[in-house]
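In the working numbering, the protein residues as written are -2 to 173.
Data first, discussion second: the structure below is written as structure tokens.
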């Protein structure tokens, strides 16, 4: 009479192969999830970078040069007059302020004042946080020279933005 069952060795072999297949599939699935999470974080960072750059570009192209000092840059941010408001209608004073946070990061705060008031660098009436960065700086380039502090009636040719060691440039349109 022939036995019609499986031997213990055959059962152990099948179970081992199934465990191996499922562990490989699980490992691939988990590594894909981790990769997607990292990619999503990088995409969100670049969206934050580009939103800062795009808003600054639109406001820089709508600049106003009607006062004694129309553009001011310092270590704590930049300030200028523009016809591209976010909160108020008409011409505004735009302030991009850099504040250090408790955990040694930097918060970029956009502030707006509804008048052209000769108070560049002062606090605005409405505020919004544009992002928190490990590093953020503004510099300007004018006639081939780079400045960390700048105050003038004329706007600079280029604003250079460093956000987490990613560099972005905003030009006034005169640079080809």
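Quick reminder that beta carbons are idealized off the backbone N, C-alpha and C, glycines included.
- Distances from the alpha-carbon of residue 102 to those of 5, 10, 130 and 81 put 130 closest.
- Three or more beta-carbon pairs separated by less than 8 angstroms link the region 80 to 98 to the region 47 to 56, which places the two stretches in contact.
- For the 7 angstroms CB-CB criterion, residue 46 and residue 74 do not form a contact.
- Nearest neighbour of residue 97 by Cα position, chosen from 128, 87 and 70, turns out to be 128.
- Here the C-alpha atom of residue 20 lies approximately 18 angstroms from the C-alpha atom of residue 8.
- Counting along the chain, the unbroken alpha helix (DSSP H) around residue 43 starts and ends at 5 to 58.
- Annotation: residue 85 is outside any beta strand (DSSP E) and is labelled neither H nor E by DSSP.
- In this structure, 109 is the residue among 133, 116, 109 and 132 with its C-alpha nearest to the C-alpha of residue 122.
- Within the same chain, Cβ atoms closer than 6 angstroms to the Cβ of residue 145 are found at 136, the five residues on either side in sequence being excluded.
- Residue 154 carries a coil assignment under DSSP once its states are collapsed to helix, strand and coil.
- When DSSP states are grouped into helix, strand and coil, residue 61 belongs to the coil group.
- Residue environment: residue 79 is assigned as buried (16 or more neighbouring CB atoms within 10 Å of its CB, all protein chains considered).
- The region 148 to 155 and the region 28 to 35 do not touch, with fewer than three beta-carbon pairs separated by less than 8 angstroms.
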